[in-house]
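So for the sequence shown, the numbering used here puts the first residue at -2; every next one is plus one.
This report refers to the structure that appears directly beneath it.
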Amino acid sequence: MAVALFHFISCLVLPVFVESMMFHLAAGPGNSKCLSDQVHKNVLVAGRYNVSEVSGHAVDLSVTDSGSQTLVSRVSTTGGKFVFINDDVDLFQICFVSRIVDQKLVPRKVTFHQVFLDVRHGVEAKSYEGLKNTAKLQEMEVELRRLEDLSASIMHDFNVMKEREATMRDTNESTNSRVLLFSAFGILWLAAVAAPASVTGVRSNVSNFQVSRSASSVIQKHGEVPCSICEDDGGQVVKGDAVKLDGLPPSSPKTEWCGPADPVSNIRHMLLPTPSTEGETHLQRKLRITKEAVNVWHQSFWKEHNTAFFKGKQEWMKVHEVEGTRDPVRVSEFYKKFLDQNWERHVNYNFEWYKKNLHLILLSLLVQVEGVVGKLRVR
């Protein structure tokens, strides 16, 4: 009675380390099924299997680790057992592969091998029958020995998880410290670069010029710019050959000129000064050329993007105006569809925009440092 009660309590309390399964493997060349599992270091893995026979076919068994090293290999097997121990924490893979051994005996219909597999880890893989006979132990003593080994195995697993938790905690703390330092450095860097540039720019280097509401992004010396698609006061898309500009800046400005937003791209026009070659250092010239390239790229992207948007919206409006279904809900559906279609393009634009701005910040910082060093040398 005591032994039966002990077995019942053990079944309720103890975790099970047994994996038994049955599956079907299609008979034929190249057909295979593989199962993977992870084991700890120096843990015994024992398995037994049984494969049903199919006329003209044979099944091969192979057990390999993550490094493709063969641990167990059986050729033309129908059943048996295998045992192995890993030297380190690793993944192992059990594969059953079907192949043809006699083409004449292959049945016409598709047939399957029935595979039974039982894999045991750790304590469940050990056999205590031999210990019972060798040490002349009673059944209760054998179960106690098994329970002791199982408890030790559970404690070992807890220690492994504790070590992993400590490693992950150290990694997280180290990452948080690095992110904090990087954020602080980034803020100081932006403040050091943006503050002098903004103060100097607001006071002396930035002037406004008036551009008509229909101006495009490219400013020409003739006082007019091409504008293929613009919006009139009613919000309609109209076509025009050229748009006149009022109050143009000098052809060779000595300071940066900033104008109102372009009616198509919604980006402000910028004109950068072109100093003489002798009075411009290599870094200043590189910064100026980079700014001009970024302005052109920025204007071009949003002009093309908004042109496509206005055109698509105009076509959508015409269709739904005829159908009488031009309501705010339908308009929002058009917006969502347009954003979904251009999602990847927007992501790429954001990535390039951050990248180009960081490059400009770095060049501006180098120019500021170069100016400070030059003043110190003069003194």
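Think of the CB as a built atom: it goes at the ideal place given N, C-alpha and C, for glycine as much as any other residue.
It should be emphasised that the depicted structure is a prediction, and the values quoted were computed from it without experimental measurement.
Extent of the continuous beta strand (DSSP E) run through residue i
i, result
"Y46", "41 to 48"
"Q66", "Careful: Q66 lies outside any beta strand (DSSP E) and carries neither H nor E."
"S33", "29 to 36"
Residue i - containing alpha helix (DSSP H), residue span
i, result
"E341", "340 to 375"
Spatial neighbours of residue i in its chain, beta-carbon cut-off 8 Å, leaving aside the 5 residues before and after
i, result
"D84", "K38, N39"
Close beta carbons around residue i, own chain, < 6 Å, minus the five adjacent residues each side
i, result
"T74", "L58"
"T61", "T67, Q90"
"S17", "D115"
Straight-line Cα distance separating residue j from residue i
i, j, result
"E341", "V42", "48 Å"
"Q338", "L355", "28 Å"
"F93", "S124", "26 Å"
"D460", "N156", "The chain is shown from -2 up to 376; residue 460 falls before or after that span and cannot be answered."
"E50", "P104", "12 Å"
"S377", "M158", "For the chain, the structure presents residues -2 to 376; residue 377 sits outside this window and is missing."
"S95", "A24", "6 Å"
"V98", "G53", "6 Å"
"V48", "G27", "17 Å"
"I286", "P270", "11 Å"
Residue i, DSSP secondary structure in three states
i, result
"D243", "Confidence at D243 is low in this model, with a pLDDT of 43, below 50, so the placement of that residue should be treated as unreliable; the coordinate-derived value is given next. D243 falls in the coil class under three-state DSSP."
"A23", "strand"
"G53", "coil"
"S73", "coil"
"A188", "helix"
"L58", "strand"
"A258", "strand"
"S171", "helix"
"E253", "strand"
7 Å Cβ shell around residue i - same chain, five flanking residues per side excluded
i, result
"A258", "I264, R265"
"H154", "Reading the sequence as shown, one finds Asp at residue 154 and not His. If we look at D154 and ignore the five residues flanking it on each side, it has no Cβ neighbours."
"Q281", "V364"
"V120", "F14, R143, D146, L147, S150"
Residue i Cβ short of 7 Å to the ligand ZN heavy atom set
i, result
"M19", "This structure lacks the ligand ZN; in fact it carries no ligand of any kind."
**Request:** Could you tell me which uninterrupted alpha helix (DSSP H) segments, each at least 4 residues in length, are contained entirely in the segment 260 to 331, listed from first to last along the chain?
**Result:** 279 to 320
**Message:** List, from N- to C-terminal side, the alpha helix (DSSP H) runs of 4 residues or more that fit wholly inside the segment 79 to 154.
**Reply:** 126 to 131
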